[in-house]
Amino acid sequence: MTADVKKETLGFQTEARQLLHLMIHSLYSNKEIFLRELISNASDAIDKLRFAALDDDSILEGDGDYAIRVAVDKDARTITISDNGVGMNRQEVIDNLGTIARSGTAAFLENLTGDQKKDSQLIGQFGVGFYSAFIVAERVEVHTRKAGEPSEAGVLWESHGEAEFTLEDRPREQRGTAITLYLKEDCDEFADEWRVRSVIKKYSDHISVPVMMAAASESSDDAEDSQDDAAAPTWETVNEATALWTRSRSEVSDDEYKAFYKHVSHDFEEPLTWSHNRVEGKLEYTSLLYVPRRAPFDLWNREGSRGLKLYVQRTFIMDDAEQFLPLYLRFVKGVVDSNDLPLNVSRELLQQDPAVDSMRGALTKRVLDMLGKLAKGSPEEYAVFWKAFGQVLKEGPAEDFSNKEKVAGLLRFATTHTDREEQDQGLDDYVARMQEDQDKIYYVAADSFNTARRSPHLEVFRKRGIEVLLLSERIDEWLMSHLQEYAGKPLQDVARGELELGDDEKAEKEKLAEESKDLLERIKGVLADEVAEVRASTRLTDSAACLVVGEHELGAQMRRIMEAAGQPVPDTKPTLELNTTHPLIALLDRESDEDRFADFSHLVFDQATLAEGGQLEDPAGYVDRLNKVLLQLAGS
Numbered sequence: 007m008t009a010d011v012k013k014e015t016l017g018f019q020t021e022a023r024q025l026l027h028l029m030i031h032s033l034y035s036n037k038e039i040f041l042r043e044l045i046s047n048a049s050d051a052i053d054k055l056r057f058a059a060l061d062d063d064s065i066l067e068g069d070g071d072y073a074i075r076v077a078v079d080k081d082a083r084t085i086t087i088s089d090n091g092v093g094m095n096r097q098e099v100i101d102n103l104g105t106i107a108r109s110g111t112a113a114f115l116e117n118l119t120g121d122q123k124k125d126s127q128l129i130g131q132f133g134v135g136f137y138s139a140f141i142v143a144e145r146v147e148v149h150t151r152k153a154g155e156p157s158e159a160g161v162l163w164e165s166h167g168e169a170e171f172t173l174e175d176r177p178r179e180q181r182g183t184a185i186t187l188y189l190k191e192d193c194d195e196f197a198d199e200w201r202v203r204s205v206i207k208k209y210s211d212h213i214s215v216p217v218m219m220a221a222a223s224e225s226s227d228d229a230e231d232s233q234d235d236a237a238a239p240t241w242e243t244v245n246e247a248t249a250l251w252t253r254s255r256s257e258v259s260d261d262e263y264k265a266f267y268k269h270v271s272h273d274f275e276e277p278l279t280w281s282h283n284r285v286e287g288k289l290e291y292t293s294l295l296y297v298p299r300r301a302p303f304d305l306w307n308r309e310g311s312r313g314l315k316l317y318v319q320r321t322f323i324m325d326d327a328e329q330f331l332p333l334y335l336r337f338v339k340g341v342v343d344s345n346d347l348p349l350n351v352s353r354e355l356l357q358q359d360p361a362v363d364s365m366r367g368a369l370t371k372r373v374l375d376m377l378g379k380l381a382k383g384s385p386e387e388y389a390v391f392w393k394a395f396g397q398v399l400k401e402g403p404a405e406d407f408s409n410k411e412k413v414a415g416l417l418r419f420a421t422t423h424t425d426r427e428e429q430d431q432g433l434d435d436y437v438a439r440m441q442e443d444q445d446k447i448y449y450v451a452a453d454s455f456n457t458a459r460r461s462p463h464l465e466v467f468r469k470r471g472i473e474v475l476l477l478s479e480r481i482d483e484w485l486m487s488h489l490q491e492y493a494g495k496p497l498q499d500v501a502r503g504e505l506e507l508g509d510d511e512k513a514e515k516e517k518l519a520e521e522s523k524d525l526l527e528r529i530k531g532v533l534a535d536e537v538a539e540v541r542a543s544t545r546l547t548d549s550a551a552c553l554v555v556g557e558h559e560l561g562a563q564m565r566r567i568m569e570a571a572g573q574p575v576p577d578t579k580p581t582l583e584l585n586t587t588h589p590l591i592a593l594l595d596r597e598s599d600e601d602r603f604a605d606f607s608h609l610v611f612d613q614a615t616l617a618e619g620g621q622l623e624d625p626a627g628y629v630d631r632l633n634k635v636l637l638q639l640a641g642s
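For the sequence shown, the numbering used here puts the final residue at 642, and the numbers step up evenly by one.
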């Protein structure tokens with residue numbers, strides 16, 4: 007691109023074209039949200055200019071009165087949204103309006119189904135932004151100039167929302183951006199001043215910048231040209247123009263809180279819950295924190311943008327201040343406004359400021375308390391939260407030692423108490439149901455719910471009526487390695503180490519070990535390369551055998567995850583436990599043919615491996631041995 011280019015035509019990025027198509031065809035049922043999105047973008051542009059002006063106030067060009075102006079022209083069927091914010095230069099226009107540089111775009115597009123109703127919900131989760139203009143407009147013009155640059159640096163962007171857009175050098179006296187929408191024939195309602203005024207009141211009351219409406223006699227061009235004339239009598243402020251978080255909670259309605267959430271999160275749906283709090287004393291700050299209803303597409307991108315909008319003394323500082331909440335609470339949206347931080351604070355300074363550490367601790371506890379209140383008061387809503395963010399919250403015990411117990415109380419699991427896949431049982435529920443002489447919280451980890459539910463390790467627990475947590479998510483074994491105990495009760499993997507549920511069981515185990523000593527040694531001789539030990543089991547009632555890992559060794563689930571990730575795994579062997587009263591083991595004990603005994607022993611080991619969801623080292627060998635035994639039983 008050369009400096010003497012006056013006008014050129016460029017193509018939209020592929021993802022942008024797809025999103026534009028969806029805007030035009032999928033969001034017809036909620037057209038008015040375009041105005042919320044464009045006003046929100048204008049507010050962000052003004053916030054960014056305020057921040058930049060802290061270092062260089064010359065970019066204000068002598069105009070420090072910020073405003074967003076909306077004008078309609080009924081005859082021309084246009085609506086114009088103007089701001090005197092930071093504006094854009096030519097390259098920024100291409101980057102911001104021709105592409106979607108957003109984490110999660112690919113995942114978002116992969117989830118689209120072609121069903122307009124479902125896709126409109128996905129679009130809402132993704133955030134619609136500038137492209138929402140094409141919901142109502144057949145053509146859109148953006149006239150912009152970056153603050154601090156000469157008027158000749160103005161740029162005019164134009165598109166019909168199809169494959170291409172044009173760029174043209176167009177001088178602009180006023181800094182900032184004016185977006186003019188040429189309305190579709192069925193969208194004339196947005197060329198009506200009173201209709202537009204009602205939408206602004208509905209969605210933009212919380213924005214701290216004045217949103218002004220031109221009188222009905224003003225044209226869209228007048229709206230742009232008179233942007234610099236804040237005293238013009240034909241303009242009046244439509245919204246409250248007060249930052250919502252600065253108002254008392256008693257003055258803010260639920261609808262206003264919900265509208266503000268959509269502004270800060272660009273989410274289509276309402277939040278699950280929120281907490282608005284003002285702290286005074288050694289530190290002075292205000293926070294307004296929200297828990298979303300649905301997970302964003304980039305939730306699992308731990309390097310992606312996250313955090314709260316940071317203001318210092320009502321001045322916008324940055325969008326994604328991640329220092330105020332730990333990573334496992336990255337789904338939280340909202341605002342924090344501090345009176346103690348310097349206006350020129352940077353991300354580096356935030357990492358070093360002790361005030362930030364204190365605020366981080368307090369804000370973390372506030373989020374956890376908010377979740378605890380939701381779990382106790384609205385279990386159905388908490389179930390929605392858990393489905394969306396439960397796996398993220400499971401990162402908490404490892405990342406936040408000081409709040410480990412509080413986070414653990416918010417976790418939900420499937421258990422043998424309900425024997426269903428829904429994770430709806432808390433550890434407090436489990437502890438309340440513990441048997442009188444039970445001193446541990448028991449769990450089993452597997453690759454799927456059904457594998458966990460049918461694990462042979464559960465047999466003695468079912469027999470004795472002892473509840474066991476059923477863990478089947480990839481993060482679960484890692485979680486338990488850091489959680490270790492809750493409410494003073496150790497957490498015990500039922501597939502790990504020696505299992506003793508009481509003195510009677512210890513005596514029973516010793517008796518079985520003595521009675522089957524010769525058999526155990528004989529099998530150990532055959533399976534010496536596969537197992538560390540062979541012993542009699544008291545945890546089995548129906549199955550013939552199970553595998554047990556050492557007390558301090560990696561579990562089977564964690565080993566498989568590390569192997570799949572290409573990470574080195576310690577070379578350890580499991581213990582094979584046998585139900586010596588099982589008919590199959592009794593048959594094995596009577597077998598005198600050493601070859602048949604070896605085949606039977608390997609089959610028992612392989613079946614124990616399969617029962618826990620493991621992979622066989624030699625599947626072909628297993629099939630060969632099984633076929634041989636079946637043929638012998640059939641007399642062939």
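By construction, the Cβ of each residue, glycine as well, lies at the ideal position given by its N, Cα and C atoms.
Counting along the chain, I52 sits inside the alpha helix (DSSP H) bounded by residues I39 to A59. Taking the C-beta atoms as reference points, E520 is found no nearer than 8 Å to R545. Across the set A551, S293 and N95, the C-alpha of S293 shows the shortest separation from the C-alpha of R366. When Cβ pairs closer than 8 Å are counted between the two stretches, the segment 328 to 342 is seen to touch the segment 399 to 407, the count reaching three or more. With 16 or more neighbouring CB atoms inside 10 Å of its own CB, N409 falls in the buried class. Residues K264, Y267, Y296, V297, P298 and R299 of the same chain have their beta carbon placed closer than 7 Å to that of P277, with the five preceding and five following residues left out of the count. Distances from the CA of K315 to each of R353, N307, E158 and T279 were compared; the closest alpha carbon is that of R353. By the criterion of a C-beta distance shorter than 8 Å, L609 is surrounded in its chain by Y628, R631, L632 and V635, once the five residues flanking it on both sides are discounted. The DSSP assignment places 495 to 499 as complete runs of the beta strand (DSSP E) inside the segment 477 to 520, in order along the chain (cut-off: 3 residues). With respect to the 8 Å criterion, S607 and V532 are classified as neighbours on the basis of their beta carbons.
Between the alpha carbons of D260 and S210 lies a gap of roughly 14 Å.
Leaving aside the five residues that flank D346 on each side, the residues in its chain whose CB is nearer than 8 Å to its CB run, in chain order, L289, E290, Y291 and A361.
Residue burial is scored here from C-beta neighbours: H272 has at least 16 other C-beta atoms within 10 angstroms and is therefore classed as buried. Its chain contains L41, V76, V78, I85, F196 and M219 as the residues whose beta carbon lies nearer than 8 Å to that of V202, once the 5 sequence neighbours on both sides are disregarded; these appear in chain order. Distances from the CA of W241 to each of K80, R23, A73 and E98 were compared; the closest alpha carbon is that of A73. As computed with DSSP, H558 is found in no beta bridge at all. Scanning its chain for C-beta atoms nearer than 6 Å, with the 5 sequence neighbours on each side dropped, one finds around P216 the residues A73, T243 and A247, in chain order. Here L103 has W163 as same chain residues with Cβ atoms under 6 Å from its own Cβ, once five neighbours each way along the sequence are excluded.
Residue pairing by DSSP places E290 in no beta bridge whatsoever. With respect to A394, Y388 sits apart: the two C-beta atoms are not nearer than 8 Å. Around the beta carbon of P574, fewer than 16 other beta carbons sit within 10 angstroms, so the residue counts as exposed. Taking a contact as a CB-CB distance under 8 Å, the pair E465 and D548 counts as one, their CB atoms being some 5 Å apart. Rounded to the nearest angstrom, the Cβ distance from S478 to S454 is 5 Å, consistent with a contact under 8 Å.
Going by DSSP, H269 is part of the alpha helix (DSSP H) stretching over D260 to S271. When DSSP states are grouped into helix, strand and coil, K13 belongs to the strand group. Nearest to F419 by C-alpha distance, out of Q638, L433 and L560, is L433. For G135, the closest alpha carbon among the candidates D524, N47 and E514 is that of N47.
When DSSP reads this structure, N283 sits in a beta bridge with S293. Contact between T581 and E539 holds, with the beta-carbon distance rounding to 4 Å and staying under 8 Å. Of all alpha-carbon atoms in E516, S522 and D430, the one lying nearest the alpha-carbon of L594 is that of S522.
With respect to G91, I52 sits close: the two C-beta atoms are nearer than 8 Å. With fewer than 16 other beta carbons inside 10 angstroms of its own, S204 counts as exposed. Assigned with DSSP and collapsed to three states, W163 falls in strand. Pairing A414 with V318, the inter-Cα distance amounts to about 34 Å.
With respect to the C-alpha of K469, the residue from H423, A22 and K12 having the closest C-alpha is H423.
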